[in-house]
Amino acid sequence: MLRKFPVIIYALLIIVPLLIVVLTSMKTMQQTFQNPLGVPDDGLVFENYAAIFEEQNMAGYFANSVIVTIFSVTFTLLFSSMIAFGITMLNNWLGNLLFTVFILGMMVPAQVSMIPLYSLVLDLGLTNSLVGLILVNISVTLPIAVFILTGFMRTLPKELIEAAVIDGAGNWKVFSRVIIPLSLPSMSAAAIFLFVIHWNDLLYPLLLVTEDDYVTLPLALLQFQGQYSTNYPMLFTGVIIASLPMVIAYVFLQRFFVAGITAGAMKG
Amino acid sequence: MKNSKSLFWFFVPGFLLYLVFFLYPTVSALFYSFTDWDGLSENFQYVGFENYERAFTGDSIFKKVAVNNLQFMFTVVILQTIVALAFAMLLIRNTRTNVFFRALYFFPTILSSVSVAFIWAFIYDPTFGILNNFLEAAGLGALTQSWLGNADIAIYSLAITQVWFHAGQMLIIFVAGLQSIPEDLYEVARIEGASKWQTFRNVTWPLLAPSATIVVAYTTIQSFKAFDLVFAMTGGGPNNSTEIIATYIYEVAFRGYEFGYASAVSVLFMLIIGIITYLQFKALRSDRVSY
């Protein structure tokens with residue numbers, strides 16, 4: 001029983017702040033002033049939720065985040081699985097060299113390439129565009145995805161590929177009919193890892209977006225903070241809207257989330 | 269293999285993007301670090317090692333920033349590793365309740381750093397904050413603080429937030445490591461009459477070295493990359509006391525328009541991360557060998 005005590009304390013350290021976030025989002029600023037942590041006597045309100053959609057282009061930010069995340073995850077997965085397949089099939093010095101070139105990318109902190117990247121994207125006329133954000137996202141997460149998928153594909157039995165080749169399958173057929181179906185477990189782990197990264201990313205929108213039309217949710221939250229400073233009810237309403245898809249997905253796919261993000265950490 | 273020529277096309281789309289949006293900017297950063305480019309104008313000059321000299325000798329803020337970064341990193345690495353390992357040991361068995369608690373502790377990891385920043389800004393808030401209210405209620409009113417406003421402790425307040433954010437993720441890695449230790453080794457230790465501490469010291473810890481390496485290395489890199497959290501919670505203030513290298517590069521480049529100098533700092537940043545990662549792997553490896 002003694003060992004349960006710290007476990008429960010830690011659980012409270014997670015739960016209590018989250019409950020207060022939800023509670024505060026349903027209070028007015030006035031109510032928060034009078035009673036920061038409790039439930040107000042005159043009841044909870046939903047005016048912050050109405051206000052946030054009225055005043056802010058919240059639906060637009062949400063749509064931007066959905067578009068950027070879906071395209072970034074899909075294309076990162078597609079391109080990285082193609083590269084991982086290529087590296088696995090080459091299986092020689094060239095494959096190793098290409099592997100190393102991609103892996104080096106995992107070591108470089110984002111802040112190093114950030115400055116030239118900004119001016120490059122500016123020169124290409126891709127600032128303030130979702131396409132620009134998506135292209136940058138793909139490039140940034142490609143190394144880790146290549147790493148995870150190459151590690152997995154190397155463990156697949158060679159006989160399966162050889163058998164397909166003897167049956168007359170070309171590379172594309174081997175890739176799409178043999179490798180992809182077999183790689184689905186590691187691809188879904190990589191997908192969740194990428195999903196969390198891209199959905200929550202702040203740095204690249206901060207760098208590359210200045211117009212309201214292309215703002216994604218994390219950047220919107222940051223701008224909120226400037227606008228509402230310590231209006232916590234409004235800020236938390238934003239937090240809840242921005243986190244909701246991730247939280248819902250986590251509740252249902254929790255096991256896969258843990259496996260996916262941990263796979264990313266183990267390889268990273 | 270007869271097919272190897274057509275493999276070329278498997279690399280093309282990914283490699284092109286990687287080349288244009290990653291390799292090229294990274295190499296350019298090295299180039300710009302030897303210039304006085306302001307990031308806007310067409311013209312700039314080659315200035316040799318001037319930027320690097322400035323970082324080492326002429327920039328007292330950078331010195332402070334580097335120290336902050338180390339304080340933040342060490343606090344996070346030590347706290348997070350201890351918390352993750354301790355709770356991993358408490359929750360090692362795959363019972364229903366343990367799986368639930370692990371999933372709960374992991375939960376903050378899926379939130380965006382901006383959201384976590386807001387949640388903790390509220391916890392630390394001098395007037396509304398949970399922390400000060402709790403301390404008052406517990407009769408510890410003397411300890412109440414402006415947790416992010418006090419330049420002496422703000423960096424540690426941020427470190428605690430970082431631990432809350434990611435300890436659950438490290439816990440999972442430790443659980444996997446602990447579960448891979450064969451049960452009979454513990455049995456032998458029990459038969460030999462080893463104490464709990466001796467068992468931990470001689471069985472658990474050495475065999476946990478691979479997971480510990482991953483946790484420490486990943487936590488180090490992650491705490492260096494805590495850009496978002498710092499940027500959203502304190503913006504580097506008060507008085508540069510929470511400025512870390514990642515936010516400093518951003519400030520110098522995009523507020524001060526000194527792209528050349530910021531590039532030099534970023535190259536140094538990359539070298540520091542490289543060295544730390546190398547040393548860590550070496551230290552933890554040799555530890556395992558000596559066992």
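Just so you know, the sequences run in chain order A and B.
Quick note: the first sequence, position 48, residue 48 per the working numbering, numbers continuous.
Quick note: the second sequence, position 145, residue 413 per the working numbering, numbers continuous.
Built from N, CA and C at the ideal position, the CB exists for glycine as well.
Does residue i get closer than 7 Å to chain B when you measure Cβ to Cβ?
i, result
"A/GLN111", "yes"
"A/ASN200", "yes"
"A/TYR250", "yes"
"A/GLN185", "The identity of residue 185 of chain A in the sequence shown is Pro, whereas the question assumes Gln. No, no contact with chain B."
"A/PRO205", "no"
"A/TYR232", "yes"
"A/LEU86", "The sequence shown places Gly at residue 86 of chain A, rather than the Leu named in the question. Closer than 7 Å to some Cβ of chain B, the Cβ of A/GLY86 qualifies, so yes."
"A/ILE138", "yes"
"A/ASN57", "no"
"A/ARG177", "no"
"A/PHE79", "yes"
In three-state DSSP terms, what is residue i?
i, result
"B/TYR314", "strand"
"A/THR127", "coil"
"A/PRO17", "helix"
"B/THR545", "helix"
"A/THR150", "helix"
"B/TYR395", "The displayed chain sequence assigns Thr, not Tyr, to residue 395 of chain B. In this structure, B/THR395 counts as coil in the three-state DSSP scheme."
"B/THR481", "helix"
"B/THR363", "coil"
"A/THR210", "coil"
"A/THR76", "helix"
"B/THR429", "helix"
"B/THR303", "strand"
"A/THR69", "helix"
"B/SER448", "coil"
"B/GLY505", "coil"
"B/GLN413", "coil"
"B/THR487", "helix"
"B/TYR286", "helix"
Could you tell me the alpha carbon to alpha carbon distance between residue i and residue j, rounded to whole angstroms?
i, j, result
"B/THR294", "B/GLY407", "54 Å"
"B/THR488", "B/ALA462", "33 Å"
"B/VAL557", "A/PHE257", "Confidence is the limiting factor: at B/VAL557 the pLDDT is only 39, short of 50, which leaves the residue's position unreliable, though a coordinate-based value still follows. Going by the C-alpha atoms only, they are around 34 Å apart."
"B/VAL483", "B/THR349", "7 Å"
"B/ILE428", "A/PHE193", "24 Å"
"A/LEU208", "B/ASN319", "26 Å"
"B/PHE317", "A/GLN111", "20 Å"
"A/PHE152", "A/SER183", "7 Å"
"A/LEU23", "A/ILE15", "12 Å"
"B/LEU403", "B/PHE289", "49 Å"
"A/THR69", "A/ASP42", "40 Å"
"A/PRO116", "B/GLY307", "9 Å"
"B/ILE459", "B/VAL471", "14 Å"
"A/VAL121", "A/TYR204", "11 Å"
"A/PHE102", "A/MET82", "13 Å"
"B/GLY397", "B/THR481", "36 Å"
"B/TRP415", "B/ALA422", "6 Å"
"B/GLY417", "B/ALA530", "27 Å"
Out of the options, which has the shortest C-alpha to C-alpha gap to residue i?
i, options, result
"B/LEU547", "B/ALA485, B/SER491, B/LEU536", "B/ALA485"
"B/LEU291", "A/LEU142, A/PHE75, A/ASN64", "A/LEU142"
"A/ASN231", "A/ILE52, A/ASP42, A/ILE67", "A/ILE52"
"B/SER448", "B/MET341, B/MET357, B/ALA334, B/THR343", "B/MET357"
"A/PRO36", "B/ASP393, B/PHE537, B/TYR525, B/GLU511", "B/ASP393"
"B/GLU519", "B/ASN418, B/PHE330, B/PHE299", "B/PHE330"
"A/SER139", "B/SER274, B/TYR286, B/TYR516", "B/TYR286"
"B/TYR314", "B/ILE541, B/PHE537, B/THR545, B/ALA532", "B/ALA532"
"A/THR76", "B/PRO281, B/ARG322, B/ILE541, B/TRP473", "B/PRO281"
"A/GLY95", "B/ILE544, B/LEU275, B/THR502", "B/LEU275"
"B/LYS468", "B/THR365, B/VAL431, B/THR515, B/ALA354", "The displayed chain sequence assigns Phe, not Lys, to residue 468 of chain B. Of B/THR365, B/VAL431, B/THR515, B/ALA354, the residue nearest in Cα terms is B/ALA354."
"B/LEU399", "B/SER383, B/SER380, B/SER425, B/ASP420", "B/SER425"
"B/PHE312", "B/GLU321, B/SER301, B/PHE495", "B/SER301"
"A/THR28", "A/LEU98, A/VAL73, A/MET234, A/ARG154", "A/MET234"
"A/TYR61", "A/LEU217, A/GLY238, A/GLY264, A/ILE240", "A/LEU217"
Within 7 Å of any Cβ in chain A, is that where the Cβ of residue i sits?
i, result
"B/VAL345", "no"
"B/SER534", "yes"
"B/LEU452", "Correcting the residue identity first, residue 452 of chain B is Asp in this sequence and not Leu. Not closer than 7 Å to any Cβ of chain A, the Cβ of B/ASP452 fails to qualify, so no."
"B/ALA371", "yes"
"B/ILE482", "yes"
"B/THR294", "yes"
"B/ILE360", "no"
Which stretch, first to last residue, makes up the alpha helix (DSSP H) that contains residue i?
i, result
"A/LYS27", "Element bounds for A/LYS27: n/a, residue is neither H nor E."
"B/ALA406", "Taken as a continuous stretch (DSSP letters only), B/ALA406 belongs to no alpha helix (DSSP H), as it is neither H nor E."
"A/ASN48", "47-55"
"A/PRO36", "Unbroken run through A/PRO36: none, as it is neither H nor E."
"A/GLY95", "93-107"
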